[in-house]
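Undergrad:
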Amino acid sequence: MLEVGQIVKAEHKTGQYIGKVASADERRALVEIMAVLRHPQQGDLHSAYDPDAALFHERRASAEREKVWVMLRDAVPYAGEVPAYRESLAAAWETEIRRIDRMRRWSEQCLQCLDTLREGLWPAFRIVSQDRARKRD
Numbered sequence: 013m014l015e016v017g018q019i020v021k022a023e024h025k026t027g028q029y030i031g032k033v034a035s036a037d038e039r040r041a042l043v044e045i046m047a048v049l050r051h052p053q054q055g056d057l058h059s060a061y062d063p064d065a066a067l068f069h070e071r072r073a074s075a076e077r078e079k080v081w082v083m084l085r086d087a088v089p090y091a092g093e094v095p096a097y098r099e100s101l102a103a104a105w106e107t108e109i110r111r112i113d114r115m116r117r118w119s120e121q122c123l124q125c126l127d128t129l130r131e132g133l134w135p136a137f138r139i140v141s142q143d144r145a146r147k148r149d
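For the record, in the sequence shown the residue sitting at position 40 is 52 according to our numbering, with numbers rising by one throughout.
1) Please state the DSSP three-state secondary structure of residue 29.
2) Between which two residues does the beta strand (DSSP E) holding residue 24 run?
3) Would you tell me roughly how many angstroms separate the C-alpha atoms of residue 43 and residue 126, rounded to the nearest one?
4) May I ask you to report which of helix, strand or coil DSSP gives residue 67?
5) How about the segment 48–55 and the segment 93–109: do they share at least three Cβ pairs that are nearer than 8 Å?
6) Near residue 66, what residues of its chain come up, given a Cβ to Cβ distance below 7 Å and the 5 sequence neighbours on each side ignored?
7) Helix, strand or coil for residue 100, going by three-state DSSP, please let me know.
8) Excluding sequence positions up to five away, which residues of its chain have a Cβ less than 6 Å from the Cβ of residue 25?
9) Between the Cα of residue 75 and those of 86, 45, 23, spot the shortest distance and give me the residue it belongs to.
10) Within 10 angstroms of the Cβ of residue 22, are there 16 or more other Cβ atoms? Answer buried if so, exposed if not.
11) Is the CB-CB distance between residue 84 and residue 15 below 9 Å?
Structural data, given as structure tokens:
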């Protein structure tokens with residue numbers, strides 16, 4: 013069990029933080045945020061990577077000194093150096109931007125590959141379409 017005052021690494025609403033345990037019971041801990049390790053994900057978690065989801069969530073990182081409840085299984089003791097909140101938030105935000113940009117570049121590359129495949133296979137698609145038309149006649 014975590015102890016009051018203990019520094020932990022905790023997962024909260026898709027973000028990851030360093031914080032201090034303010035209170036704990038047998039199931040969860042109240043953690044005071046000290047630094048951001050991973051910025052929360054944007055979008056609908058139930059429709060991952062769907063830009064057309066009915067509700068596209070905007071998620072901010074928890075604020076410095078904000079207290080959040082986390083399940084005990086989502087918090088582990090942290091022994092490293094605790095970075096300043098502002099610097100950690102900026103670093104986590106930049107990391108998330110790079111991750112999203114990498115996915116964007118990946119999807120663009122996929123579209124280019126599919127376009128190339130279509131150009132190479134298009135005659136085959138046309139032949140199949142003509143064969144189907146002849147069978148109907």
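For every residue, glycine included, the Cβ atom is placed at its ideal position computed from N, Cα and C.
TA: In this structure, then:
1) Mapped onto the sequence shown, residue 29 falls at position 17. In this structure, residue 29 counts as strand in the three-state DSSP scheme.
2) Numbered from 1 along the sequence shown, position 12 holds the residue referred to as residue 24. 19–24 is the span of the beta strand (DSSP E), which, as asked, contains residue 24.
3) On the sequence shown, residue 43 is found 31 positions in, with the first residue counted as 1. On the sequence shown, residue 126 is found 114 positions in, with the first residue counted as 1. Their backbone Cα atoms lie some 47 Å apart in a straight line.
4) Along the sequence shown, one-based indexing puts residue 67 at 55. Three-state DSSP puts residue 67 in coil, outside helix and strand.
5) yes
6) If you number the sequence shown from 1, residue 66 lands on position 54. No residues qualify anywhere along the chain.
7) Working through the sequence shown from its first residue, we reach residue 100 at position 88. Looking at residue 100 - three-state DSSP - the assignment turns out to be helix.
8) For the purposes of this step, residue 25 is taken as the residue at position 13 of the sequence shown. So the list reads 52, once near-sequence residues are dropped.
9) Here residue 75 refers to the residue found at position 63 when the sequence shown is read from its first residue. The shortest Cα separation from residue 75 among 86, 45, 23 belongs to 45.
10) Locating residue 22 in the sequence shown gives position 10, where the first residue counts as 1. Flag for residue 22 reads buried.
11) In the sequence shown, the residue the question calls residue 84 occupies position 72. In the sequence shown, the residue the question calls residue 15 occupies position 3. For residue 84 and residue 15, no; Cβs fall outside 9 Å.
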